[in-house]
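Q:
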Amino acid sequence: MTSRIIVAAGALWLCSSVLLAQEAPQRLRTTNAPPKPSGVTPRTADGHPDLSGVWNGLGDNLNGVPNQIVNNGIAIESETSARDLKSGLTVAVFPRNTTRVLNEEQAERAASLLRRSGSNRPVYKPEYWEMVKNFDHNSNEEDPSNNCMPAGIPRGGIPSYIGQFPNYVIFIYPGQGGLIATQTMYRMIPTDGRKHTPLQELDGTYTGEGIGHWEGDTLVVDSWGFTPNTWFDQIGGYAHGENMHVVERFRREGNTLTWTATVEDPDFLLEPWTTTPRVALLNARADAVLPESLPCSERDLSHIVTKEHH
Amino acid sequence: MSRFTTAVVATICLSTLAGAARVAAHHSIQAQFDINKSFTIAGNVAKVEWINPHSYLTLNVKDADGKVAKWAFEMGAAGQLRRTGLSRADRGGLKAGDAVTIKALAARDGSNSGLLQEITTADGRVFKLRPDGTEEK
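From first to last, the protein sequence lines stand for chains A and B.
In terms of our numbering, the first sequence opens at residue 19 and continues consecutively.
In terms of our numbering, the second sequence opens at residue 161 and continues consecutively.
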């Protein structure tokens with residue numbers, strides 16, 4: 019299935035100068051090595067690590083680098099080498115050509131192939147293989163979020179702002195204009211020890227019912243009650259059912275925040291799938307605020323004439 | 161892990177990751193626009209919208225009979241527009257009614273639209289939003 023998806027890969031070059039970038043410091047990166055933590059980890063009065071802050075310190079929400087913008091895990095180690103984190107295999111890259119730049123077509127296709135070369139992929143029940151392949155191949159029409167709808171969880175990745183309070187946390191995910199065009203999401207997640215509402219009593223929503231608790235220094239957010247109208251990764255056509263259960267883990271070390279999500283779907287998946295960890299960097303400015311996200315109005319997809327896509 | 165060996169055929173030119181002049185896109189550029197076909201058109205600005213996923217400039221274009229058609233041009237993100245020098249109208253940006261000449265990549269579906277490369281204002285200022293699409297393959 020991996021090879022079929024790679025073969026089916028369309029192309030979309032995305033170098034996100036947009037996105038969560040907004041007013042954060044701009045850094046152009048040519049590798050996607052996770053930032054190394056520095057500084058102390060602040061704690062709240064109740065002793066937990068304090069996750070509060072604006073987490074867009076990488077400036078460009080990771081510059082479209084595959085390991086970070088999708089979860090299948092390609093580490094770009096230098097200008098001439100990359101590695102698949104799950105298998106450990108080296109991924110071939112074109113040597114950097116300094117005599118002329120790639121044109122749009124070449125750049126899009128190269129980025130798309132690399133973005134799709136990671137092996138950390140969910141394992142679907144066989145009866146869904148054709149459906150997922152079809153969604154992926156036709157994502158210009160089928161992607162449920164790329165037309166300014168919410169990305170959902172866990173496709174939304176790491177929130178750009180976290181506000182931590184004694185009995186709840188606030189997550190804000192600004193609408194993006196990057197790899198996919200999405201509208202802003204927010205979550206208010208209780209950490210007061212309450213239990214989930216029974217799944218059958220919840221109308222499915224884009225962020226589901228999220229409830230947090232601490233496991234040592236890790237904030238664990240357990241969510242269910244999702245609408246099936248989202249995919250759970252940026253690319254791949256990874257649809258899910260209304261019984262999807264997502265467990266996210268947030269761990270702060272100094273000025274970094276490491277996030278993973280585990281997706282369980284008893285209807286669609288043969289086994290739980292866990293994202294490759296992503297690492298966000300705190301906005302270093304003490305007076306950092308999260309700027310307004312531009313409204314999202316999608317006007318391009320109706321003019322697309324081929325199946326090329328990200 | 162042999163089933164994953166197909167991964168190693170993946171390729172990329174990492175220089176593109178620096179992304180200097182490229183526009184972010186939630187869609188494939190080449191699926192919508194002909195990267196080898198530019199055109200130039202003159203008209204008056206109807207509106208400039210700073211929005212996600214792409215900002216848009218709408219242009220009123222008069223034909224030979226004086227009939228006005230609207231043309232829509234995709235632009236980059238807000239940050240790119242600022243870096244290019246587009247901002248508030250009273251700081252040198254565009255406002256409705258301004259006469260401009262636009263160079264753009266042609267839409268492949270034949271619609272009155274394009275991917276904006278360059279704006280020239282009536283007073284001769286030029287805003288370059290992206291490299292021209294005719295670089296050698």
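Glycine included, each C-beta is placed from N, C-alpha and C at the ideal position.
Can you check whether the CB of residue 261 of chain A is closer than 8 angstroms to the CB of residue 284 of chain A?
A: Taking 8 angstroms as the Cβ cut-off, residue 284 of chain A and residue 261 of chain A qualify as a contacting pair.
Q: Does residue 256 of chain B pass the burial test, meaning 16 or more other C-beta atoms within 10 Å, or should it be called exposed?
A: Its Cβ having fewer than 16 others within 10 Å, residue 256 of chain B is exposed.
Q: Just reading off the alpha helix (DSSP H) that residue 158 of chain A is part of, what are its end residues?
A: Looking at the DSSP string, the run of the alpha helix (DSSP H) that includes residue 158 of chain A is 157–160.
Q: According to DSSP, is residue 188 of chain A part of a helix, a strand, or is it coil?
A: In the structure shown, residue 188 of chain A sits in a strand (DSSP, three-state: E or B).
Q: Who are the near neighbours of residue 249 of chain A in its chain, counting only those whose CB is closer than 8 angstroms to its CB and skipping five residues on each side?
A: Excluding residues within five positions, the ones whose Cβ falls inside 8 angstroms are 153, 161, 162, 163, 170, 173, 255, 256, 257, 258.
Q: With 16 other CB atoms within 10 Å as the buried threshold, where does residue 224 of chain B fall?
A: The residue in question, residue 224 of chain B, is exposed, as its Cβ has fewer than 16 Cβ neighbours within 10 Å.
Q: Check residue 259 of chain B in the structure and name its three-state DSSP category.
A: Three-state DSSP puts residue 259 of chain B in a strand.
Q: Can you pull the chain A residues whose beta carbon is under 9 angstroms from the beta carbon of residue 268 of chain B, in chain order?
A: Result: 321, 322, 323, 324.
Q: So what does residue 181 of chain A bridge to, in DSSP terms?
A: Residue 181 of chain A pairs with A:188.
Q: Kindly indicate the opening and closing residues of the alpha helix (DSSP H) around residue 129 of chain A.
A: That run of the alpha helix (DSSP H) goes 122–133.
Q: If you draw a straight line from the alpha carbon of residue 289 of chain B to that of residue 294 of chain A, how long is it in whole angstroms?
A: One C-alpha to the other measures close to 35 angstroms.
Q: Compare the beta carbon distance of residue 264 of chain B and residue 282 of chain B with 8 angstroms and say whether it is the shorter of the two.
A: No, these two residues do not count as a Cβ contact at 8 angstroms.
Q: So residue 75 of chain A and residue 301 of chain A are supposed to be a Cβ contact under 8 angstroms. How far apart are they, rounded?
A: Indeed, because the Cβ distance is near 5 angstroms, the residues count as touching under 8 angstroms.
Q: Going along chain B in order, which residues have a C-beta closer than 7 angstroms to the C-beta of residue 126 of chain A?
A: Near residue 126 of chain A (Cβ distances below 7 angstroms), the residues of chain B are 188, 189, 190.
Q: Please name the residue or residues paired with residue 203 of chain A in a DSSP beta bridge.
A: Bridge partners of residue 203 of chain A: A:191.
Q: For the alpha helix (DSSP H) that residue 192 of chain B lies in, which residues bound it at each end?
A: 189–192 is the extent of the alpha helix (DSSP H) around residue 192 of chain B.
Q: For the putative contact between residue 286 of chain A and residue 142 of chain A, defined by C-beta atoms under 8 angstroms, what is the C-beta separation to the nearest angstrom?
A: Their Cβ separation, rounded to whole angstroms, is 6 angstroms, which keeps residue 286 of chain A and residue 142 of chain A in contact under 8 angstroms.
Q: CA-CA distance, residue 143 of chain B and residue 217 of chain B?
A: Limits of chain B in this structure are 161 at one end and 297 at the other, which puts residue 143 of chain B out of reach.
Q: Alpha carbon to alpha carbon, what distance is there between residue 182 of chain A and residue 311 of chain A?
A: When rounded, the distance between both Cα atoms is 21 angstroms.
Q: Who are the near neighbours of residue 175 of chain B in its chain, counting only those whose CB is closer than 7 angstroms to its CB and skipping five residues on each side?
A: With a pLDDT of 33 at residue 175 of chain B, under the threshold of 50, the modelled position of this residue cannot be trusted; read the value that follows with caution. The answer is none, since no qualifying residue turns up.
Q: Mind listing which residues of the stretch 196–211 of chain A have their C-beta closer than 7 angstroms to chain B's C-betas, in chain order?
A: Within the stretch 196–211 of chain A, the residues whose Cβ lies closer than 7 angstroms to some Cβ of chain B are 196, 197, 198, 199, listed in chain order.
Q: Going straight from the alpha carbon of residue 272 of chain A to that of residue 65 of chain A, what length do you get?
A: Those two C-alpha atoms are separated by around 15 angstroms.
Q: With the cut-off set at 8 angstroms, would you say residue 209 of chain A and residue 186 of chain A are in Cβ contact?
A: Going by C-beta atoms, residue 209 of chain A is nearer than 8 angstroms to residue 186 of chain A.
Q: Which residue's Cα is closest to the Cα of residue 327 of chain A: A:191, A:197, A:59, A:299?
A: Of A:191, A:197, A:59, A:299, the residue nearest in Cα terms is A:197.
Q: Mapping DSSP to helix, strand and coil, what is residue 320 of chain A?
A: Residue 320 of chain A falls in the helix class under three-state DSSP.
Q: If contact means a Cβ-Cβ distance below 9 angstroms, which residues of the stretch 296–315 of chain A contact chain B?
A: Residues passing the 9 angstroms Cβ filter: 311, 312, 313, 314, 315.
Q: Could you tell me whether the Cβ of residue 327 of chain A comes closer than 8 angstroms to any Cβ of chain B?
A: At least one chain B Cβ lies under 8 angstroms of residue 327 of chain A.
Q: Residues of chain B with CB under 7 angstroms from residue 240 of chain A, in chain order?
A: Here the premise fails: no neighbours, minimum Cβ distance about 30 angstroms.
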